[in-house]
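For the protein sequence lines, the chains are Y and X, in the order given.
Heads up: the first sequence begins at 0 in numbering that gives the first Met the number 0, then just goes up one per residue.
Heads up: the second sequence begins at 0 in numbering that gives the first Met the number 0, then just goes up one per residue.
Protein chains: 2
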Amino acid sequence: MEYTVHVRMNEHLFLRDPESSELGRKIVRQGIALFGELGFEDATFRKLADRIGTKEASIYRYFENKHRLLVYLVAWYWRWAEYQLIFQTNNLKEPHEKLERILRLLLLKDLSDAPESNGADGIDLKMLHSIVIREASKAYLTHHVTEDNRQQLFKPYKDLCGRIADIILEQQPDYPFARSLASTLVEMAHYQTFFMQHLPSLTDFKAATNDDQLLEFLRHLLFASLEKPVLEQA
Amino acid sequence: MEYTVHVRMNEHLFLRDPESSELGRKIVRQGIALFGELGFEDATFRKLADRIGTKEASIYRYFENKHRLLVYLVAWYWRWAEYQLIFQTNNLKEPHEKLERILRLLLLKDLSDAPESNGADGIDLKMLHSIVIREASKAYLTHHVTEDNRQQLFKPYKDLCGRIADIILEQQPDYPFARSLASTLVEMAHYQTFFMQHLPSLTDFKAATNDDQLLEFLRHLLFASLEKPVLEQA
DNA sequence: TGCACTCGATAGTATTACTATCAAACGTAT
DNA sequence: ATACGTTTGATAGTAATACTATCGAGTGCA
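Shown next as structure tokens:
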């Protein structure tokens with residue numbers, strides 16, 4: 000495929016747009032590699048600069064601090080996922096089928112092996128996905144959520160959940176918890192993956208096998224919720 | 000009530016048992032207050048020492064570092080919750096009723112206003128609960144999960160989820176995802192509370208009203224899952 | 001009286017998380 | 001060719017953090 004869809008990011012996510020220069024792109028791409036290897040807490044701008052062959056001060060020209068870089072990466076991922084959601088559900092008639100696609104997307108089930116055909120423009124999506132699984136909640140589980148939220152830093156995440164909620168309502172207009180169910184599915188797609196890999200007794204799945212048990216769980220959870228009538232208050 | 004149930008904690012959670020001395024108890028109780036006020040990232044042992052009127056070095060005699068203190072607090076909370084679960088579901092016949100109690104427990108719905116009657120021994124449970132909501136996943140979402148898990152640091156969490164899973168299976172022996180559903184309920188009790196308070200568009204609930212919409216959501220999610228048959232693979 | 005133990009107090013180190021400044025390199029407009 | 005603006009590299013420096021080590025006073029107990 001020849002098209003590259005550029006993801007335009009909220010200006011509050013950075014000091015200088017990292018997609019506007021070669022150094023900026025390196026910061027993002029090598030940042031993903033570094034967070035992936037060391038984890039968020041052990042990564043530092045010093046180490047990132049050394050890996051890139053630049054200086055700390057240069058990185059600070061792009062991102063206020065390490066946490067902002069994380070927020071940027073996570074936001075980028077959600078924007079990518081939202082685009083994929085729109086693209087993959089386009090022209091589908093059945094909301095049921097759309098929901099099925101969404102679950103597969105959340106688990107990154109149908110990622111092409113050819114990196115350039117995923118519209119990721121040199122970004123290692125599998126690595127980014129594993130970072131999102133382990134670190135994404137640290138983006139918003141902070142004492143300063145409210146200020147960050149005011150700057151719209153979490154809009155990509157909220158937009159994605161909003162779209163999922165809309166499709167849930169297409170399928171079942173009477174379901175009263177569409178937003179909560181949407182965020183539950185997104186979070187659980189990641190948490191159950193993490194548990195499966197690292198704390199397996201918290202799940203019913205084997206990490207080794209590739210038979211989509213987690214997908215079945217999410218599917219069952221979703222459609223069970225949509226099928227069961229909700230009792231109205233008297 | 001006159002009984003104080005002492006929670007015995009895994010020795011790997013601390014260097015010196017904080018319940019064995021006055022200073023240790025202060026570290027735990029004031030640690031809860033500090034994490035609550037500043038959030039985990041902004042809290043330091045220096046600030047904690049100042050607040051207690053002791054020195055950094057003394058705190059390091061009890062806990063290796065700030066992260067271990069967090070893990071301890073979170074583990075303590077899960078042990079407390081497990082005890083409450085056992086106590087509150089004791090003698091109940093209907094698994095359905097047990098599950099209902101569990102959901103209320105996860106949301107801390109029936110906490111007595113008299114602090115001493117909750118078996119918390121001077122620990123501010125509401126504050127601790129709010130810390131667990133915001134910080135608990137940071138206890139295990141790290142690059143060193145596996146080592147920490149090997150030291151059984153997350154056993155209290157896994158034990159609690161295990162008990163919930165067992166009761167799920169009492170209610171519905173054929174349900175194949177009991178563990179995952181249990182961890183989903185526990186995580187979502189917290190995440191949806193956090194979202195409701197700070198990122199409300201991710202939920203369907205109003206933080207102001209006290210009409211248990213979140214409880215209804217969790218209840219619906221749980222029983223919908225247990226009622227829907229699971230299709231067997233051919 | 002002596003011993004074990006805890007804690008307070010002080011000191012010190014390495015790393016982290018930045019901020020400031022200046023000059024070299026580069027492309028562009030004139 | 002030159003002047004200009006922008007980006008980066010390079011160096012320096014500060015304040016805070018995350019520890020570790022040592023010593024001595026106080027306390028309780030044998």
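C-beta: ideal position from N, C-alpha, C; glycine also.
Below-9 Å beta-carbon distance, residue i vs any chain X residue
i        : result
Y:Asp123 : no
Y:Tyr139 : yes
Y:His142 : yes
Y:Ala223 : yes
Y:His219 : yes
Y:Asp41  : yes
Y:Gly30  : no
Y:Lys157 : yes
Y:Tyr190 : yes
Y:Glu134 : yes
Y:Glu169 : no
Y:Pro175 : yes
Y:Asn148 : yes
Y:Phe44  : no
Y:Phe13  : no
Rounded distance between the beta-carbons of residue j and residue i, thought under 8 Å
i        : j        : result
Y:Asp237 : Y:Glu81  : In the structure displayed, chain Y extends from 0 to 233; residue 237 of chain Y sits before or after that span and is not available.
X:Leu184 : X:Leu105 : 7 Å
X:His142 : Y:Gly38  : 3 Å
Y:Phe44  : Y:Lys25  : With 8 Å as the limit, Y:Phe44 and Y:Lys25 do not qualify as a contact, their Cβ atoms being about 13 Å apart.
X:Val70  : X:Ala119 : Not really, about 19 Å apart at Cβ, beyond 8 Å.
X:Asp203 : Y:Pro175 : 6 Å
X:Glu55  : X:Ala48  : 5 Å
Neighbour flag for residue i against chain Y, beta carbons, 9 Å
i        : result
X:Leu180 : yes
X:Leu201 : yes
X:Phe62  : no
X:Glu81  : no
X:Lys227 : yes
X:Thr53  : no
X:His197 : yes
X:Asn9   : no
X:Met187 : yes
X:Thr183 : yes
X:Gly23  : no
X:Leu37  : yes
X:Thr145 : yes
X:Leu72  : no
X:Leu213 : yes
Beta carbon of residue i nearer than 9 Å to that of residue j
i        : j        : result
X:Asp27  : X:Leu72  : It is worth fixing the name first, because residue 27 of chain X is Val in this sequence and not Asp. Their beta carbons are under 9 Å apart, which means X:Val27 touches X:Leu72 by this criterion.
Y:Phe153 : X:Leu198 : yes
X:Phe34  : X:Glu96  : no
Y:Ser182 : X:Leu220 : no
Y:Leu214 : Y:Arg103 : yes
X:Asp165 : X:Val229 : no
Y:Ser224 : X:Ser224 : yes
Y:Arg78  : Y:Pro155 : yes
Y:Met187 : X:Met187 : yes
X:Ile163 : X:Ile101 : yes
Y:Tyr76  : Y:His11  : no
X:Phe222 : X:Gln191 : no
Y:Leu124 : Y:Leu107 : yes
X:Leu110 : X:Ile167 : no
Residue i versus the options, residue with shortest Cα-Cα distance
i        : options                               : result
Y:Val131 : Y:Gly23, Y:Ala32, Y:Glu10, Y:Phe86    : Y:Ala32
X:Lys227 : X:Gln170, X:Phe13, X:Thr141, X:His142 : X:Gln170
X:Tyr59  : X:Leu124, X:Pro17, X:Trp77, X:Leu221  : X:Pro17
Y:Arg50  : Y:Glu63, Y:Glu93, Y:Glu36             : Y:Glu36
X:Thr53  : X:Gly23, X:Ile167, X:Glu40            : X:Gly23
Y:His189 : Y:Gln150, Y:Ala48, Y:Ser136           : Y:Ser136
X:Asn9   : X:Glu40, X:Thr88, X:Arg149            : X:Arg149
Y:Ala74  : Y:Gly161, Y:Lys46, Y:Gln151, Y:Pro94  : Y:Gln151
Y:Cys160 : Y:Ala177, Y:Lys205, Y:Ala206          : Y:Ala177
X:Ser20  : X:Ala206, X:Ser57, X:Thr208, X:Ala207 : X:Ser57
Y:Val144 : X:Val144, X:Gln87, X:Phe193, X:Thr145 : X:Phe193
heavy atom of the ligand SAM below 8 Å from residue i C-beta
i        : result
X:Ile130 : This structure does not include the ligand SAM; it has no bound ligands of any sort.
Practice task
Report the residue ranges of all beta strand (DSSP E) runs contained in full by the stretch 3-60 of chain X; include only those spanning at least 3 residues, in chain order.
Solution key: none
Practice task
Please list the segments of the beta strand (DSSP E) lying wholly inside the stretch 139-208 of chain Y, counting only runs of 3 or more residues, in order along the chain.
Solution key: Unbroken beta strand (DSSP E) runs of no fewer than 3 residues, entirely contained in the stretch 139-208 of chain Y, are not found.
Practice task
Would you mind listing the alpha helix (DSSP H) stretches within the stretch 59-107 of chain X that are 4+ residues and don't spill past its ends, in chain order?
Solution key: 65-88, 94-105
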